[in-house]
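Counted the way mature numbering (1 follows the signal peptide of the UniProt record, and there is no 0) counts, the sequence shown spans residues -21 to -1, 1 to 217.
Every residue gets a Cβ at the ideal spot worked out from N, C-alpha and C, and that includes glycine.
Worksheet for the structure shown next.
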Amino acid sequence: MKIFPSVLLLILSTLYETVDGSHFRGGIISWRPLNNTPSGSHASILIHQRYFWNRQWVGFSTPYCDESIVTSQAAIPVGSTMTCLQNCSSSTYTPLSTVMTSTDCDANTLIQSWAGERYDTLSLPLTTSITIGFPSNAWFTSLYIGGGLSWSIVNRLNLAVRPDGYINTSPVTNTLPVVFVPVNTQTVHVVQMADNDDTDILKCRWSNAATSTNYNRYDECGGVCSGLPVSTVLYSSN
């Protein structure tokens, strides 16, 4: 049986000073079929979005989030959409809201984050092979590279039936979209990753903006491509 490698884009951000300024703190998009055995011409797909924001962003009303907001599962009012970016004619995908349900609020003076997630179920044709994503701006200003610049969070949604007869599932990670590390200190960060497709080989790679050659055929990192020091080493294997 042919083994399909799955690629998990690594978009990690390194903080070196006190956080201030713009509002985006990272995000993750993943998806899976509710039934990975094909039946007919369509499949029900569960799409997961997870984003982190600056809780003190001027676009948010005061009082800013606290644990009571998380307990009540209040919405994070980011009124944008996750859209189809490439090869859209292969699918009937329609834009999904990015309004999140609150899952975490951290008022620590260094962190000041508001996190949320949402799930949507879509019925899509098995011809679907598209890049979906949420590009916008701006990253918070204290990033090592790209502070205040644009972001681009993308994922390839390919429902072609695999050689083993099942519908593909995207790899997932439970790592935080933003990783805080101390200055001038060697740090090892393990990206936890998994895939429901048992025969897939998971490898990490850096996101890039090479739209003519990368897997997504779209800018995968916006203003934070190559966002870590040149001495950073990425070990791709799980």
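Buried/exposed call for P74, threshold 16 Cβ in 10 Å: Looking at its Cβ environment, which holds fewer than 16 other Cβ atoms inside 10 Å, P74 is exposed.
When V158, A173 and M172 are compared against T166, the one with the closest alpha-carbon: The alpha carbon of T166 has as its nearest neighbour, out of V158, A173 and M172, the alpha carbon of V158.
Inter-residue spacing [alpha-carbon to alpha-carbon] between G19 and T190: In a straight line, the C-alpha of G19 is about 33 Å away from that of T190.
Inter-stretch contact (C-beta, 8 Å, three-pair minimum) for the segment 161 to 179 and the segment 110 to 122: Fewer than three Cβ pairs drawn from the segment 161 to 179 and the segment 110 to 122 lie within less than 8 Å of each other, which leaves the two stretches out of contact.
Helix, strand or coil at V158 according to DSSP, with G and I counted as helix: Looking at V158 - three-state DSSP - the assignment turns out to be strand.
CB contact flag (L136, I146, <8 Å): Their beta carbons are not under 8 Å apart, which means L136 does not touch I146 by this criterion.
Whether D99 touches I7 by CB criterion (8 Å): In this structure, I7 does not lie closer than 8 Å to D99 by Cβ.
Straight-line Cα distance separating H2 from Q52: One C-alpha to the other measures close to 20 Å.
Whole-angstrom C-beta distance between S69 and I109, which should lie under 8 Å: Contact holds; Cβ gap of about 6 Å.
F31 and R4 closer than 8 Å at C-beta: Yes, the pair counts as a contact, with Cβ atoms nearer than the cut-off.
Ranges of the beta strand (DSSP E) found wholly within the segment 119 to 207, counting only runs of at least 3: Within the segment 119 to 207, complete beta strand (DSSP E) segments of at least 3 residues are found at 129 to 137 and 180 to 185, given in chain order.
Span separating the alpha-carbon of G126 from that of I132: Using only the alpha carbons, I get a separation of about 16 Å.
For T80 and Y95, believed in contact at Cβ under 8 Å, the rounded distance: Per the sequence shown, residue 95 should be read as Gly rather than Tyr. Yes, they are in contact, since the Cβ atoms of G95 and T80 sit about 5 Å apart, within 8 Å.
DSSP-derived helix/strand/coil call for C67: In this structure, C67 counts as helix in the three-state DSSP scheme.
W10 burial status per 10 Å Cβ neighbour count (16 or more: buried): W10 counts as buried, since at least 16 other C-beta atoms from the protein chains shown sit within 10 angstroms of its C-beta.
Spatial neighbours of V209 in its chain, beta-carbon cut-off 8 Å, leaving aside the 5 residues before and after: Cβ neighbours of V209 beyond the five flanking positions: none.
Simplified DSSP state of G(-1), which is helix, strand or coil: Low per-residue confidence applies at G(-1): pLDDT is 43, beneath 50, and the placement is therefore not dependable enough to give any value.
Where the alpha helix (DSSP H) containing T88 begins and where it ends: Under the DSSP assignment, T88 falls outside any alpha helix (DSSP H); it carries neither an H nor an E label.
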